[in-house]
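Input: a single structure, listed below in structure tokens.
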Amino acid sequence: MGKKILTEHINVPGIETFDVYRKQGGYTAVEKALKTMTPDAIVDEVKKAGVRGRGGAGFPMGMKWSFLAKPEGVPRYLVCNADESEPGTFKDHYLMKNIPHLLIEGMIVSSFALGANKSFIYVRGELMYVIHILEKAIAEATAKGFLGKNILGSGYDLELVVQPGGGAYICGEETALLESLEGKRGNPRNKPPFPAVKGLYQCPTVVNNVESIATTPWIINNGGEAYASVGIGRSTGTKLISASGHINKPGVYEIELGVSVEDFIYADEWCGGVRPGHKFKALVAGGSSVPILPANLALTLANGEKRLMTYESLSDGGFATGTMLGSGGFILFDETACIVRNTWNFSRFYHHESCGQCSPCREGTGWMEKVLHRIEHGHGNERDIDLLVDVAKKIEGNTICPLGDAAAWPVASAIRHFRDEFMWHITNPQEATQPGAVYRGEMALV
Amino acid sequence: MTTETKSTIQFTPERLAKAQEIIARYPEGKQKSALLPLLHLLQEQEGWTPAEGMDYVAGLLDIEPIEVYEVASFYTMYHLNPVGKHVIEYCRTGPCCLMGGEEVYAHLKQRLGIDTGQTTVDGQFTLKEVECLAACGMGPVFQIREKYYMNLTNERVDEIIDELSK
Chain A
10 MGKKILTEHI NVPGIETFDV YRKQGGYTAV EKALKTMTPD AIVDEVKKAG VRGRGGAGFP
70 MGMKWSFLAK PEGVPRYLVC NADESEPGTF KDHYLMKNIP HLLIEGMIVS SFALGANKSF
130 IYVRGELMYV IHILEKAIAE ATAKGFLGKN ILGSGYDLEL VVQPGGGAYI CGEETALLES
190 LEGKRGNPRN KPPFPAVKGL YQCPTVVNNV ESIATTPWII NNGGEAYASV GIGRSTGTKL
250 ISASGHINKP GVYEIELGVS VEDFIYADEW CGGVRPGHKF KALVAGGSSV PILPANLALT
310 LANGEKRLMT YESLSDGGFA TGTMLGSGGF ILFDETACIV RNTWNFSRFY HHESCGQCSP
370 CREGTGWMEK VLHRIEHGHG NERDIDLLVD VAKKIEGNTI CPLGDAAAWP VASAIRHFRD
430 EFMWHITNPQ EATQPGAVYR GEMALV
Chain B
609 MTTETKSTIQ FTPERLAKAQ EIIARYPEGK QKSALLPLLH LLQEQEGWTP AEGMDYVAGL
669 LDIEPIEVYE VASFYTMYHL NPVGKHVIEY CRTGPCCLMG GEEVYAHLKQ RLGIDTGQTT
729 VDGQFTLKEV ECLAACGMGP VFQIREKYYM NLTNERVDEI IDELSK
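Written as structure tokens, this is what we have:
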């Protein structure tokens, strides 16, 4: 069993309550931070830990914190991004509903480090029951003196607000989230200025993912170097992986970064292998937005080494032969999965969720969805494949926020690796449109 | 500037107190941040978000009604038209479909005799497609109010509908 930083106590009965969480060593990081550390010292520990943002982008958290502007007389804010909405990703949901105090403890430590006296947890509105769990936990922590005025006699005040979203994937983009938190449509903002300079209410703001913030209690209790000693290279620490699709044991797993993709799929400790009687066809390793890989490339690098569950190894080879760790949304497809249908499904998602602000995204996502729809439904023509590649290229990098890239990459990568399957749909429409029909051509199943 | 409204919709005293508590969470002058939570509160009370209710919310927040309309129409969780007693929001995205979601939802539609976006004639059920519900490992999944129903099969769908129809 690997090291558990976030989920060590997650199965303890009653861990969602303050008392049980406290008995398991909860809130000691708040005591240590507020009584013995300066905010700068906390930032230094997070930097030493090398923890990278767990929402998907993987930007170093300590560096993000150190960018925060600190003008006199202007409030600063910490906003937790709990708008988890990417197909394949459900780890934050799991963490918040099972061990809410871990997030709250992380929010207190992080807010203190950043000099924020009012912080927000922006939760996707679909998770209303999780919002109630968090609100209850906040009330408990407040009653015990860990939130509110003069926390533990330290002179530090913090109010924590849980904000329900309204159902929009785009609000996972940090500036769209801030717009939404201000009571507006979730349209991403142009950057710069970045939120660290002008964020919520035009004040300096840090936006961090749930999982990122939840690492801070452990880092404070054990030190940044101890955290950095877990994992490999620049992929330090552990990562929550949401595993779904055609595997024996779907669920959320905490892994030490650096285990091999093969072990993660086949070991009983984690996914427990591909469904009995089936073969591994393709993998989406980091949520629906990252490039899809065929099985052989998912398991092995170009040099023959095993591919690892790290930021670097998964992206090895660039987009030609690699992908991204992203949010850790791990979706496995066996040979019964139709790549064209799945690509259409993902494309429909991004079209639906585009905020419509940028033309390439608004028009391009719709265009891709329509072309994929006609291929999937037996009305495609050979030019459609190149058309899709062309549209994807024209969206990528040409939008205010990364939703355009997120929409383009699944399409471009599916065509890159499964072009034969698209061609089969186009040249054999009658066969391809039969219920459950799947391309059985030459491909490396594992 | 406050727009004078003559809405017949108002929050119950309990919800009004809750609304005022929500508004007080935000810094002075930033009360518009309460808009999404208040729309949830409105929908919880009315079952949907009628224009009159949105006007009332605008009054509470001292903003223009159009500011409420443009927000309510952007987010998918606000029902802009009347819905049934039980709104079944089923996840139609990739991981749920991989686990047989399309077949299960087809059965659900057949069982209720309605398609997506429609309400049964008895006003009991409304069907709504939603994007990922963040429960991909337990798909197929749908949500009714705050409750998640996971690992759905045709049989399980029948049980749930039977139970809710009582």
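Sequences listed follow chains A and B, in order. First residue of the first sequence: 10, per the working numbering; consecutive thereafter. First residue of the second sequence: 609, per the working numbering; consecutive thereafter. Note that CB positions come from ideal geometry on N, CA and C, so glycine has one too.
No Cβ-Cβ contact shorter than 8 Å links Y138 (chain A) with E771 (chain B). Runs of the beta strand (DSSP E) spanning 3 or more residues and lying entirely within the segment 98-158 of chain A occur at 127-132, in chain order. Residues of chain B with a Cβ closer than 8 Å to the Cβ of E95 (chain A) are, in chain order, C740. Take the alpha-carbon of R764 (chain B) and the one of E711 (chain B): they are about 13 Å apart. In terms of Cβ geometry, M46 (chain A) and S221 (chain A) do not form a close pair [threshold 8 Å].
In this chain, the alpha helix (DSSP H) harbouring T37 (chain A) covers 37-45.
At a Cβ-Cβ threshold of 8 Å, S336 (chain A) and G295 (chain A) count as neighbours. Remark: C-beta atoms of P703 (chain B) and G661 (chain B) do not approach each other more closely than 8 Å. Non-local C-beta neighbours of K13 (chain A) in its own chain, meaning closer than 6 Å and more than five positions away in sequence, comprise E263, ordered along the chain. Under the three-state reduction of DSSP, C704 (chain B) is assigned to helix. In terms of Cβ geometry, G692 (chain B) and T734 (chain B) form a close pair [threshold 8 Å]. Nearest in C-alpha terms to E654 (chain B), of all of B:T701, B:P690, B:A742, B:N762, is B:P690.
Under the three-state reduction of DSSP, L308 (chain A) is assigned to helix.
When CB distances to chain B are screened at a threshold of 8 Å, the residues of the segment 160-178 of chain A falling below it are E168, V170, Q172, P173, G174, G175, G176, A177, Y178, in chain order.
With contacts defined by Cβ atoms closer than 8 Å, G267 (chain A) and S244 (chain A) form a contacting pair. Between the C-alpha atoms of I768 (chain B) and C699 (chain B) there is a straight-line separation of about 16 Å. Less than 8 Å separates the beta-carbon of L341 (chain A) from that of I256 (chain A).
For V239 (chain A), the CB contacts under 8 Å within the same chain, skipping 5 residues up- and downstream, are K12, I14, T245, G246, T247, E265, L266 in chain order. For Y757 (chain B), the secondary structure class from DSSP, reduced to helix, strand or coil, is strand.
For the beta strand (DSSP E) assignment, the uninterrupted runs of no fewer than 3 residues enclosed by the segment 190-248 of chain A are, from N- to C-terminal side, 214-218. Of all residues in the segment 254-271 of chain A, the ones placed with a Cβ closer than 8 Å to any Cβ belonging to chain B are G254, H255, P259, G260, V261, in chain order. Neighbourhood of H102 (chain A) in chain B, by CB distance below 8 Å: A742, A743, in chain order. Look at T319 (chain A) here: in three-state DSSP terms it is coil, with no helix or strand label. The three-state reading of DSSP puts R63 (chain A) in coil, since its state is none of H, G, I, E or B. Contact residues of the segment 114-144 of chain A toward chain B are K127, R133, G134, E135, L136, M137, Y138, H141 (C-beta to C-beta distance below 8 Å).
Shortest Cα-Cα distance from L111 (chain A) to any of A:R85, A:Y131, A:L143 involves A:L143.
I631 (chain B) sits in a helix when the DSSP states are folded into three classes.
Secondary structure at N90 (chain A): strand, using DSSP grouped into helix, strand and coil. Look at I340 (chain A): its C-beta is under 8 Å from a C-beta on chain B.
Neighbours of L624 (chain B) in chain A, taken as residues at a C-beta separation under 9 Å, are lacking, since the least C-beta distance is about 18 Å. Restricting attention to beta strand (DSSP E) runs no shorter than 3 residues, the segment 656-714 of chain B encloses them at 694-699, ordered along the chain.
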